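To keep things clear, I will list the structure first and then write my remarks on it.
There are 2 protein chains.
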Amino acid sequence: MTEVDRVDVPRRQDTQLAALSALASRVRELTEAVLYTDVPEDEIAAITSELASLTERLSAARQPPPGIMAGSHGLPCQPGSPVTGALNPIAPPLEMTPDPDGTVRSAFTLSAVYEGPPTFVHGGISAMILDHLLGMAATVNGTPGMTATFDLRYRRPTPWGVPLTAEGKVTRTEGRRTWADGRILNSQGEPTVEATAMFITPKWPRT
Amino acid sequence: MTEVDRVDVPRRQDTQLAALSALASRVRELTEAVLYTDVPEDEIAAITSELASLTERLSAARQPPPGIMAGSHGLPCQPGSPVTGALNPIAPPLEMTPDPDGTVRSAFTLSAVYEGPPTFVHGGISAMILDHLLGMAATVNGTPGMTATFDLRYRRPTPWGVPLTAEGKVTRTEGRRTWADGRILNSQGEPTVEATAMFITPKWPRT
Chain A
1 MTEVDRVDVP RRQDTQLAAL SALASRVREL TEAVLYTDVP EDEIAAITSE
51 LASLTERLSA ARQPPPGIMA GSHGLPCQPG SPVTGALNPI APPLEMTPDP
101 DGTVRSAFTL SAVYEGPPTF VHGGISAMIL DHLLGMAATV NGTPGMTATF
151 DLRYRRPTPW GVPLTAEGKV TRTEGRRTWA DGRILNSQGE PTVEATAMFI
201 TPKWPRT
Chain B
1 MTEVDRVDVP RRQDTQLAAL SALASRVREL TEAVLYTDVP EDEIAAITSE
51 LASLTERLSA ARQPPPGIMA GSHGLPCQPG SPVTGALNPI APPLEMTPDP
101 DGTVRSAFTL SAVYEGPPTF VHGGISAMIL DHLLGMAATV NGTPGMTATF
151 DLRYRRPTPW GVPLTAEGKV TRTEGRRTWA DGRILNSQGE PTVEATAMFI
201 TPKWPRT
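Taken in order, these protein sequences are the chains called A and B. In terms of the numbering used here, the first sequence opens at residue 1 and continues consecutively. In terms of the numbering used here, the second sequence opens at residue 1 and continues consecutively.
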């Protein structure tokens, strides 16, 4: 029923996943520190050089990127996702969970790493989050697919550094096409970005 | 004429910018190594711990994030941008340059870090790139603004690991509203994602 059955995926063991999650989390802190640091240039250079050796040590044994695995709520999980992946240092990472009625929700706070206009989240980051959330809503609906069209309305700026929520749900299906609506809300519950996406389910063998 | 005059921005010195760019570049390599690594768990734990000390050393002196500076081509430059920022480890980072006719272009190759469906770029990453590129086209046009609406059509999957290009241009303006069209092209020159955005220029004092 899920992509798990369709994709030949390397499976990382649970203990390795936990170790890699902790590592990715540290890389996120490092990433943020790079944007804020004001240490002397020779110290930056020394740290840069030490990072290169850590990267070399990490690269001593390699495997394919994580791919798609079975996750909670019967949903596929992509540990390397740039949006939700615990193993991907560029992901915030967002947790997205489905309600019984099919609404997918996420609560999150973004850092300066995701900044577009000063003090606000980059409009493209909001788009990325909503694309992923609506894709998840299509999957929850039993009609997973690739994004075909995606339309966004930016109602007001989305601030970073404060709690935000996002929600999305399938509104209708027609053959292999599925439409979903969603939005990001600020701490006052006001919509900052609204989106509609249409997904097309590939002609995979459905089970 | 640019945001540079409007935003109170901390200015990093050129030599510090260069050192931080090199650092961010190393963090990008590290980020990719995290997705591929298959070293033993005790080695992952050791590296995780060393990263924490490097982050602590970087955080010994802090300043506000980079903000917006004067850049080349008379355009504002945002070193901390998650799309184009040399100082932001999550940015690929993309270089975007304007043609004399106002078309903004970018040539780039994305890594597994930006993966959505297996072997393809996340649709939200393509959206982020196009939002930024079209915003740049609006700025080049002398009508910088915030994204108001943004509509995408996904024509075919966008592969990572191969050279891609993106291009975008303003098509019309009406009062404070500016429309721009753009697209991402694969190595065969076929459009993978097409987009139209409408930007609204804030009521800043124009100079």
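Note that the Cβ used here is the ideal one computed from N, Cα and C, for glycine as well. In this text the structure is predicted, and so the values were computed from the model without any measurement.
Considering only beta carbons, the part of the segment 84-102 of chain A lying closer than 7 Å to chain B consists of L87, N88, P89 and I90, in chain order.
Minimum Cα-Cα distance from D42/B among the listed residues L87/A, D42/A, E43/A and A19/A corresponds to A19/A.
Looking at the DSSP output, T149/B shares a beta bridge with R153/A and M198/B. Counting the other CB atoms within 10 Å of its CB gives S106/A a total of 16 or more, which places it among the buried residues. Against T55/B, the close residues of chain A are R26, E29, L30 and A33, in the order they occur along the chain (beta-carbon pairs closer than 8 Å). For Q188/B, not one C-beta of chain A is nearer than 7 Å to its own C-beta.
Using beta-carbon distances, H132/B counts as an interface residue toward chain A, with a partner under 7 Å. One alpha carbon belongs to P66/B, the other to T139/B, and they sit about 19 Å apart. Straight-line measurement puts the Cα of V83/A at about 23 Å from the Cα of A197/B. By the rule that beta-carbons nearer than 7 Å mark a contact, M198/B does not touch chain A. Straight-line measurement puts the Cα of Q63/B at about 14 Å from the Cα of I44/A.
Beta-bridge annotation (DSSP): V193/B is paired with Y154/B and I184/B.
Assignment of beta strand (DSSP E) within the segment 87-162 of chain A, counting only whole runs of 3 or more residues, yields 104-109 and 146-154 in chain order.
Using a Cβ-Cβ cut-off of 8 Å, I47/B is close to L23, L54, R57 and L58 of chain A, given in chain order. About 6 Å separates the CB atoms of I184/B and T158/B; that is less than 8 Å, so the two are in contact. According to DSSP, residue pairing for A166/B in a beta bridge involves S106/B and I184/B.
Distance from the CA atom of D101/B to the CA atom of L134/B, rounded to whole angstroms, is 14 Å.
Among the residues of the segment 133-155 of chain A, those with a Cβ less than 8 Å away from any Cβ of chain B are G135, M146, T147, A148, T149, F150, D151, L152, R153 and Y154, in the order of the chain. Scanning chain A for C-beta atoms nearer than 7 Å to the C-beta of R62/B yields Y36, T37 and D38, reported in chain order. Under the 8 Å Cβ criterion, the segment 11-25 of chain A counts as touching the segment 25-40 of chain B, having at least three qualifying pairs.
As for any alpha helix (DSSP H) of minimum length 4 sitting wholly inside the segment 7-95 of chain B, the runs are 14-36 and 41-58, ordered along the chain.
Among the residues facing chain B, M128/A is included, as its CB has a counterpart in that chain under 7 Å away. Nearest Cα to A24/B within the set S49/A, E174/A, R11/A and Q13/A: S49/A.
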